[in-house]
Each structure stands twice: as structure tokens, then as C-alpha cells.
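A quick write-up on the structure given underneath.
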Amino acid sequence: MKNLLLFFVHFATAICISQNIKIDSDKLFTTNEIDSISSTNGPYISSGGKINSKVESKSKKDRTVINGNGSFTYSLYTLDFNKVNYNKLSNAEQKKYDSDKYLKLIKANYREKINYKNSNSEIINGQFYYLADTLSYVKVKITRSENKKKETSDSLNISISELNKIKVIKTVFLFDYKYWIINKNKDILKIYNKK
């Protein structure tokens, strides 16, 4: 009888512990899951501005400088890993709730478009995926058009562990992906940490 009583006490304790909700901020998501969460929640922070660019082309006889201008935007997406518990709070408790404690950066989008004076244009789209506020995967696509007709594009999908193994990644356009990814990640984290 004593063993039966101990069994029920341990069983009841195990049930209570298993009902306790653990906040799993280190949960691994696929890029598709992150895209779905981001489109559902919308951007947490959006930032943008204007950009100026110069392209130099050298030939045997002369050097030509082509000016361009355009714009860029950042959209940062976060996930509140404690949302289930937050929804259970009263209105007074929700006002005192520290949302930054459980908020984690999961994705950032970067878009840049530059139009040059010679009717050429360049569009760079970057998608940065984060795990616990640390960059884990990147998708970059560059599209260039000449005279508003001929389009050429190049893309890169790479995990950060693979990116760190490579010294320089150059493209058809002589664009250094690694340098660009590192700098844009710094900019994204700077914007995110200002929140």
C-alpha cells in the first residue's frame, strides 16, 4: 500500500512538471517556417534610406564614371517565444510585461535598388536568417539590367558555417558576397539592438 501511495505521488508530480510550459528560445526553425512566421507577424522594425553609387569602367583610351542613385530598405522580423504565457496575463500584467526579454531576431530582409544614368540598374535582395540573434543562413540575389532590357542575375544560398570556411566569394559581377554579408549583418544587428 505504501508503494502504491508513493507511485501516485510521483505520478502526480511528473504530470505537474510535464504541464509546465518551457520557453524554448533556441528552437530550430527551417527557413520556410521562419518565412511563414515572418509573413504572419509582419516586420518588427523597418528602416530605409537613399543610396548613391559610382561605377567606373576603364578602356584602353579613357575612363568612364557612371553615377547612380536609389534606395535601400531593411525589414527585421522577431518572434516572442513567450507569447502563449503573455496571452494568459491580465491587462494590467500585460502592461508591465517586458517583451524584450523573450523577443528574438529570426529574420531580416534587405533590398537595394540603384538606377544608373546610362539606363542600367542593379537590385540586391538579401534574406538573413537568425537563430537566437545569431546569423545562421543567408540568401542573396543580385539582378542587373542593361538599357532596361537585358537582365543578368546571380544568387547565393549559404549557411554561415560554410561561409566562414571560404575566404572570398566572387560572382559574375565581381561582387564579394562574404564582405557584403558581414557588413549587412553588422548593420542589421545595429538596427536591432537600438530597439
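In the UniProt record's numbering, the protein residues as written are 1 to 195. For each residue, glycine too, the CB sits at the ideal point set by N, CA and C. No experiment lies behind these values; they were computed from the predicted model shown.
Segment limits, alpha helix (DSSP H) that includes K178: 177 to 194
Selected residue, minimal CA-CA separation from I142, among K149, L163, E112: E112
Rounded Cβ spacing between I106 and V140 (contact assumed at less than 8 Å): With a Cβ gap of about 18 Å, I106 and V140 do not count as contacting.
Cβ contact check for the stretch 177 to 194 and the stretch 59 to 69: 3 or more pairs under 8 Å: no
Rounded straight-line distance, which links the Cα of L174 to that of Y44: 33 Å
T152 versus K95: straight-line alpha-carbon distance, rounded: 51 Å
Span of the beta strand (DSSP E) around K113: 103 to 116
Contact under 9 Å by Cβ, K88 with A132: no
Continuous alpha helix (DSSP H) stretch holding D35: start and end: 31 to 41
Residue interval of the beta strand (DSSP E) (run including N147): Note, N147: premise wrong, no beta strand (DSSP E); not H, not E.
Any non-hydrogen atom of the ligand MG within 8 Å of I166 CB: The ligand MG is not among the ligands present in this structure, which contains no ligands whatsoever.
Proximity to Y192 [Cα-Cα], best of S155, I114, K117, N109: N109
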